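Notes for the one structure printed next.
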Amino acid sequence: MQSQKSFEKTATGCLYLVPTPIGNLGDMTYRAVETLKQVDLIASEDTRNTQKLLNHFEIETKQISFHEHNTAQRIPQLIEKMQAGTTIAQVSDAGMPSISDPGKELVAACVAAQIAVVPLPGANAGLTGLIASGLVPQPFYFYGFLDRKNSLQVDELQALKQHQETMIFYEAPHRLKKTISNMASVFGDDHQVVLARELTKKYEEFIRGTLGEIKQWTQDTQIRGEFVIMVAGFDQVLSASPEIALPINEQIDRLIEAGKPVNAAIKEVAKQNGLNRQDVYRDYHEL
1 MQSQKSFEKT ATGCLYLVPT PIGNLGDMTY RAVETLKQVD LIASEDTRNT QKLLNHFEIE
61 TKQISFHEHN TAQRIPQLIE KMQAGTTIAQ VSDAGMPSIS DPGKELVAAC VAAQIAVVPL
121 PGANAGLTGL IASGLVPQPF YFYGFLDRKN SLQVDELQAL KQHQETMIFY EAPHRLKKTI
181 SNMASVFGDD HQVVLARELT KKYEEFIRGT LGEIKQWTQD TQIRGEFVIM VAGFDQVLSA
241 SPEIALPINE QIDRLIEAGK PVNAAIKEVA KQNGLNRQDV YRDYHEL
């Protein structure tokens, strides 16, 4: 067992995890700016990119590179510095350190060495997109980036098919078309999805629809910008045995709560239960 009192004075330094804006520099917090000014060193995913941020906020703290390709080399160096009393802020290019970005290995090393790790709140693309998606915001399941290899990506999606939570993924523009196509094949063309593009930036955009519709959109559109993909969860009740299944109207309501349009929910429930769609429609609307 280990207890950390984040702001208790010790002989060692500490690690601050400082989120940076995901696009709009106005989202940088006062505390984040002050922390970057006050620490002895900033461990940056890309020092050139971070320098632009530092210049904007007139921060003169020195940087050291810390990214996925030099983790093994840098971690012992940074731990040694903190044990000697150095305070370090770790930043990624955008958003939260450790969330689909470098950081988790350094955090684990600090915890093992009993060096305090102090997190700052700030920008996060996944949650920013989720609250405006129109899908059920909680519970949610954050996945991040899927595997780049097609066969492995399909396997990952198959394993996710039973999740009832809204699922959140990240994707680069040049891989979006393939990823959406795989999602449509595995989850079904009628399944609800929301794309959030260029969050907090001038061309911020939300594209909402079914996977079939979004798949067609990716084929007809010149895709630009970084994407958050949010996929409605799956209702487990529909695969339950008849004796424990919920009433038909409740099954429909659950799908609607998960983000599916009313008529699509009625169609899916009717199919799952072997019922006539028009009969289910009339009963649901009390016609």
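For the sequence shown, UniProt numbering gives the first residue as 1, with consecutive numbering after it. Heads up, the beta-carbon is just placed ideally off N, CA and C, and yes, glycines get one too. All of these numbers come straight from a predicted model, not from anything done at the bench.
Item checked: Alpha-carbon spacing of Q138 relative to L15, whole angstroms -> As a first step, residue 138 must be located in the sequence shown, where it is residue number 138. As a first step, residue 15 must be located in the sequence shown, where it is residue number 15. Roughly 30 Å separates the two Cα atoms.
Check: How many Å lie between G209 and I75 at the Cα?
Finding: Position 209 of the sequence shown, counted from the start, is the residue given in the question as residue 209. Position 75 of the sequence shown, counted from the start, is the residue given in the question as residue 75. The alpha-carbon separation between G209 and I75 amounts to approximately 44 Å.
Notebook entry, point to check: Under a Cβ-count criterion, where at least 16 other Cβ atoms within 10 Å of its own Cβ denotes burial, should F145 be classed as buried or exposed?
Noted result: Locating residue 145 in the sequence shown gives position 145, where the first residue counts as 1. The residue in question, F145, is exposed, as its Cβ has fewer than 16 Cβ neighbours within 10 Å.
Notebook entry, point to check: I think E226 touches E205, with their Cβ atoms under 8 Å apart; what is that distance to the nearest whole Å?
Noted result: Sequence index remark: in the sequence shown, residue 226 carries index 226 (1-based). Sequence index remark: in the sequence shown, residue 205 carries index 205 (1-based). By a beta-carbon distance limit of 8 Å, E226 does not contact E205. Their separation comes to about 12 Å.
Note to self: Just to confirm my understanding: we take D46, look at its own chain, exclude 5 residues before and 5 after, and list those with CB closer than 8 Å. What are they?
What the structure shows: Taking the sequence shown and counting its residues from 1, the one referred to as residue 46 is at position 46. Here the set comprises S65, H67, D93.
Notebook entry, point to check: What are the partner residues of F66, as DSSP defines its beta bridges?
Noted result: Taking the first residue of the sequence shown as 1, we reach residue 66 at position 66. According to DSSP, which records beta bridges pairwise, F66 is partnered with nothing at all.
Checklist line | Bridge partners - P119, DSSP secondary structure assignment | finding: In the sequence shown, counting from the first residue as 1, residue 119 sits at position 119. Answer by DSSP bridge pairing, in chain order: L17.
Check: Which of the three DSSP states, helix, strand or coil, is assigned to S44?
Finding: For the purposes of this step, residue 44 is identified with residue 44 of the sequence shown, where counting begins at 1. It is a strand residue.
Next item on the list: In the DSSP assignment, find the unbroken beta strand (DSSP E) run with Y281 in it and report its ends.
Entry: Position 281 of the sequence shown, counted from the start, is the residue given in the question as residue 281. It is not in any beta strand (DSSP E) - Y281 instead sits in the alpha helix (DSSP H) that spans 277-285.
Notebook entry, point to check: Secondary structure at R197, three-state DSSP: helix, strand or coil?
Noted result: Your numbering for residue 197 matches position 197 in the sequence shown. DSSP places R197 within a strand segment (E or B) once states are collapsed to three.
Checklist line | P19 classed as buried or exposed, judged by whether at least 16 other C-beta atoms fall within 10 angstroms | finding: Along the sequence shown, one-based indexing puts residue 19 at 19. By the neighbour-count rule (16 or more Cβ atoms within 10 Å), P19 is buried.
Margin query: Using 8 Å as the threshold, is the C-beta distance between D153 and T128 below it?
Written below: Position 153 of the sequence shown, counting from 1, holds the residue named residue 153. Position 128 of the sequence shown, counting from 1, holds the residue named residue 128. The sequence shown places Gln at residue 153, not Asp. At least 8 Å separates the beta-carbon of Q153 from that of T128.
Next item on the list: Determine the direct distance from the alpha carbon of I229 to that of V186, and round the result to whole angstroms.
Entry: Here residue 186 is taken as the residue at index 186 of the sequence shown, counted from 1. Here residue 229 is taken as the residue at index 229 of the sequence shown, counted from 1. Taking the straight line from one Cα to the other gives about 15 Å.
Margin query: For a test of your reading of the model: does the CB of Y141 fall under 7 Å from any non-hydrogen atom of the ligand HEM? Yes or no.
Written below: You won't find the ligand HEM in this model; it holds no ligand whatsoever.
Next item on the list: Report back the beta-carbon spacing between I22 and G95 to the nearest angstrom; my notes put them in contact at under 8 Å.
Entry: Counting from one through the sequence shown, the residue named residue 22 turns up at place 22. Counting from one through the sequence shown, the residue named residue 95 turns up at place 95. Rounded, the Cβ-Cβ distance is 5 Å, consistent with contact.
Next item on the list: Report the three-state DSSP secondary structure of Q162 (helix, strand or coil).
Entry: In the sequence shown, residue 162 corresponds to position 162, counting from 1. Coil at Q162, not helix or strand.
Check: Roughly how many whole angstroms lie between the Cα atoms of L246 and A89?
Finding: Here the question's residue 246 lines up with position 246 in the sequence shown. Here the question's residue 89 lines up with position 89 in the sequence shown. Rounded to whole angstroms, L246 to A89 spans 51 Å at the Cα level.
Check: Nearest to F7 by CA position, among P119, T61, I214, G212, is which residue?
Finding: Numbered from 1 along the sequence shown, position 7 holds the residue referred to as residue 7. For the residues P119, T61, I214, G212, the minimum Cα distance to F7 belongs to P119.
Item checked: Coarse secondary structure for K5, derived from DSSP in three states -> Reading the sequence shown from its first residue, position 5 is the one you call residue 5. For K5, the secondary structure class from DSSP, reduced to helix, strand or coil, is coil.
Checklist line | Selection from M82, A132, S133, L135 that minimises the alpha carbon distance to A116 | finding: The count along the sequence shown starts at 1 and reaches residue 116 at position 116. Taking only the C-alpha atoms, the option nearest A116 is M82.
Note to self: Using C-beta distances below 7 Å, list every residue in its chain close to I252, excluding the 5 sequence neighbours before and after it, in chain order.
What the structure shows: For this step, residue 252 is matched to residue 252 along the sequence shown. A265, I266, V269, Y284, listed in sequence order.
Next item on the list: Please name the residue or residues paired with V269 in a DSSP beta bridge.
Entry: One-based indexing of the sequence shown puts residue 269 at position 269. None; V269 has no bridge partner.
Next item on the list: Look up residue 292 in the DSSP assignment and say whether it is helix, strand or coil.
Entry: Given that the chain is displayed from residue 1 to residue 287, the structure contains no residue 292 and the question cannot be resolved.
Check: Where does the unbroken alpha helix (DSSP H) through V186 begin, and where does it stop?
Finding: For this step, residue 186 is matched to residue 186 along the sequence shown. Per DSSP, the continuous alpha helix (DSSP H) segment holding V186 begins and ends at 173-187.
Checklist line | Cutoff 6 Å; reference A123; Cβ partners in own chain excluding five residues on either side | finding: Along the sequence shown, one-based indexing puts residue 123 at 123. Cβ contact annotation for A123 (same chain, cutoff 6 Å, sequence separation greater than five): P19, P21, I22, D27, G95, in chain order.
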